[in-house]
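Heads up, the thing below is written out as structure tokens.
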Amino acid sequence: MAESLAQGMVCTARRDVRRTPGLHRIPASDRVGRRARSEQFRWGKFAGAPPGALNVVTGGPPEALADGSSTGQTLIDHPKLDKVSFTGSSAAGRSMLESSARRLRPTALELGGKSAFIVFDDSEEYLDAVVDWAMVGIFSNAGQVCSATSRLLVQKGIEAELTSRLKLAAAKIRVGDPMAEGTQMGPAVSKVQQEKILDALSRAREAGCTVHAAELAIPEALQGGFYVPPALVTEVPVDSSAWRDEIFGPVLAIRSFSTEDEAIELANATHFGLANAVGRRALPTRSAALGWLASCRAAWCGRIARRCYPPGTPFGGRVGKTSGFGWELGVVGLMEYVSGKTVVSAAKPGFSWGAYS
Numbered sequence: 001m002a003e004s005l006a007q008g009m010v011c012t013a014r015r016d017v018r019r020t021p022g023l024h025r026i027p028a029s030d031r032v033g034r035r036a037r038s039e040q041f042r043w044g045k046f047a048g049a050p051p052g053a054l055n056v057v058t059g060g061p062p063e064a065l066a067d068g069s070s071t072g073q074t075l076i077d078h079p080k081l082d083k084v085s086f087t088g089s090s091a092a093g094r095s096m097l098e099s100s101a102r103r104l105r106p107t108a109l110e111l112g113g114k115s116a117f118i119v120f121d122d123s124e125e126y127l128d129a130v131v132d133w134a135m136v137g138i139f140s141n142a143g144q145v146c147s148a149t150s151r152l153l154v155q156k157g158i159e160a161e162l163t164s165r166l167k168l169a170a171a172k173i174r175v176g177d178p179m180a181e182g183t184q185m186g187p188a189v190s191k192v193q194q195e196k197i198l199d200a201l202s203r204a205r206e207a208g209c210t211v212h213a214a215e216l217a218i219p220e221a222l223q224g225g226f227y228v229p230p231a232l233v234t235e236v237p238v239d240s241s242a243w244r245d246e247i248f249g250p251v252l253a254i255r256s257f258s259t260e261d262e263a264i265e266l267a268n269a270t271h272f273g274l275a276n277a278v279g280r281r282a283l284p285t286r287s288a289a290l291g292w293l294a295s296c297r298a299a300w301c302g303r304i305a306r307r308c309y310p311p312g313t314p315f316g317g318r319v320g321k322t323s324g325f326g327w328e329l330g331v332v333g334l335m336e337y338v339s340g341k342t343v344v345s346a347a348k349p350g351f352s353w354g355a356y357s
């Protein structure tokens with residue numbers, strides 16, 4: 001077995017990365033600008049990469065180009081690429097995969113999600129921590145996070161109290177300029193995304209859901225921004241879009257459950273498969289943990305207030321679901337970018353099989 005080789009020319013792409021944190025696949029954007037790009041090149045130099053090995057190409061939405069295509073799709077369609085690694089929506093991921101399929105080209109996809117946060121009633125004495133976890137899980141980056149825990153499953157014994165606390169906490173979120181000190185939530189990444197989020201809230205109301213969203217007080221200077229209110233959605237039917245579909249915004253859908261089995265069934269009833277979280281005082285049994293993992297590849301499960309997902313832990317979508325496949329982070333994440341090679345040599349000079357002598 002010889003040393004593994006680099007995959008070759010790899011294109012890493014992210015959709016709507018202008019306000020998306022994290023550089024798991026070495027992305028860059030117009031928002032991060034020169035500083036982030038120079039940092040990336042500094043990292044490349046530190047790692048021993050020669051000049052030209054790392055190139056950053058920034059782009060915009062499809063409508064930014066005259067022919068209606070996008071910078072990312074133009075790169076993906078290039079015949080000299082050896083691998084594609086994409087982070088974005090499931091729809092865009094299908095397009096990337098179709099382009100790679102024609103060339104039988106390796107592709108890693110980290111796509112959408114509709115992750116569940118299951119909270120058991122033995123967490124009652126830690127409700128402040130539960131609220132914090134739930135808020136971070138859905139309102140960070142204005143909910144524009146693939147692994148956002150956008151479905152909250154609460155055991156009936158604490159449903160009323162937890163929902164009440166979440167309403168109060170969400171109403172106090174300071175929405176505004178993301179670069180200003182004290183801001184807790186910035187805008188949506190684009191006008192299109194803002195309209196998508198607001199439309200999702202409208203459809204939730206039409207489906208009979210109750211939407212709890214405080215009216216925003218945005219300064220006049222920021223009125224042109226793509227701001228949306230942090231929202232909680234209760235009385236959510238399981239067949240509603242608010243419960244099933246990724247909104248990619250600060251919208252938390254809340255349902256209650258009675259038993260552990262019911263919680264597992266509700267959490268796993270999704271076509272996505274990215275991440276789930278569990279909040280309970282008692283550590284889960286092995287069988288329960290396996291049940292939670294059935295619809296995802298990553299799970300935050302343990303006692304409240306214990307962070308159990310280190311940055312170097314591998315992360316990715318569950319194969320067979322619409323959250324993609326392939327790994328980020330950790331050793332297996334690095335192995336996504338190398339190709340094994342086997343070399344067989346004779347044990348001693350002059351060795352012959354003798355098969356045709």
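Each residue of the sequence shown is one higher than the one before, counting from 1 in full-length UniProt numbering. Beta carbons: idealized from backbone N, C-alpha and C, even for Gly.
Arg151 and Ala269 closer than 7 Å at C-beta: For Arg151 and Ala269, no; Cβs fall outside 7 Å.
Cα-Cα separation between Gly324 and Tyr356, rounded to whole angstroms: Distance between the alpha carbons of Gly324 and Tyr356 is about 50 Å.
Would the beta-carbon of Leu232 fall within 7 Å of that of Ala170? Using a Cβ distance threshold of 7 Å, Leu232 and Ala170 count as a contacting pair.
DSSP three-state label for Ala180, please. In the structure shown, the three-state DSSP call for Ala180 is coil.
Reduced DSSP secondary structure (H/G/I, E/B, other) of residue 389: Because the chain is modelled from 1 through 357, residue 389 falls outside the range shown and cannot be assessed.
If you draw a straight line from the alpha carbon of Ala214 to that of Lys172, how long is it in whole angstroms? One C-alpha to the other measures close to 9 Å.
How many Å lie between Ala116 and Asp261 at the Cα? Rounded to whole angstroms, the gap between the alpha carbons of Ala116 and Asp261 is 14 Å.
By the DSSP assignment, the alpha helix (DSSP H) with Ser95 in it spans what residues? For Ser95, the enclosing alpha helix (DSSP H) stretches over residues Ser90 to Ala101.
Given a cut-off of 7 Å, decide if Phe248 and Gly113 are closer than it, judged by their beta-carbon atoms. No, the Cβ-Cβ distance between Gly113 and Phe248 is not below 7 Å.
Please classify Glu246: is it buried, with 16 or more other beta-carbons within 10 angstroms of its beta-carbon, or exposed? Buried, by the Cβ-count rule.
When DSSP builds the beta bridges, which residues end up paired with Ile158? Beta-bridge analysis with DSSP links Ile158 to no other residue.
Outcome for Thr74 when other beta-carbon atoms lying within 10 angstroms are tallied against a minimum of 16: So Thr74 counts as exposed.
From the DSSP output, in three-state form, read off Thr163 for me. In the structure shown, Thr163 adopts helical secondary structure according to DSSP, grouped into three states.
So is the beta-carbon of Val251 under 6 Å away from any non-hydrogen atom of the ligand GTP? Among the components of this structure there are no ligands whatsoever, and the ligand GTP is therefore not found.
Could you give the distance in angstroms between the alpha-carbon of Asp82 and the alpha-carbon of Pro106? Put simply, the backbone Cα of Asp82 is about 7 Å away from that of Pro106.
Please state whether the Cβ-Cβ distance between Thr71 and Ala277 is less than 7 Å. Cβ distance not < 7 Å, so Thr71 and Ala277 don't count as in contact.
Counting only runs that start and end within the stretch 116-150, where is the alpha helix (DSSP H) found for 4 or more residues in a row? Entirely contained in the stretch 116-150, the alpha helix (DSSP H) runs reaching 4 residues are, in chain order, 127-139.
Report yes if the CB atom of Gly225 is closer than 7 Å to the CB atom of Pro187, and no otherwise. Yes, they are a contact pair.
With H, G and I counted as helix, E and B as strand and the rest as coil, what does DSSP make of Ile26? Summary for Ile26: the model assigns pLDDT 44, below 50, so the residue's position carries little reliability; its value from the coordinates is reported in the next sentence. DSSP places Ile26 in coil when its eight states are reduced to three.
Let me confirm a value: Ala217 is counted as buried when at least 16 other C-beta atoms fall within 10 Å, else exposed. Which label applies? Exposed is the call here.
Tell me which residues share the same chain as Gly182 and place their Cβ nearer than 7 Å to its Cβ, disregarding the 5 neighbours each side in the sequence. Cβ within range, chain order: Arg174.
Could you check how far apart the C-beta atoms of Gly157 and Asp121 are, in whole angstroms? I think they sit under 8 Å. Indeed they touch by this definition, with Cβ atoms about 4 Å apart.
According to DSSP, simplified to helix, strand and coil, what is Val233? Note: Val233 maps to strand in three-state DSSP.
For Leu104 and Ser90, I'd like the C-alpha separation in whole angstroms. Approximately 20 Å between the Cα atoms of the pair.
From Leu111, Gly208 and Gly333, residue whose alpha carbon lies closest to that of Phe86: The option with the nearest alpha carbon to Phe86 is Leu111.
Could you give the residue range of the alpha helix (DSSP H) that holds Ala204? Per DSSP, Ala204 belongs to the alpha helix (DSSP H) from Lys191 to Glu206.
Among Ser339, Arg318, Ser190 and Thr234, which one has its Cα closest to the Cα of Val228? Looking at the Cα atoms, Ser190 is the closest of the given residues.
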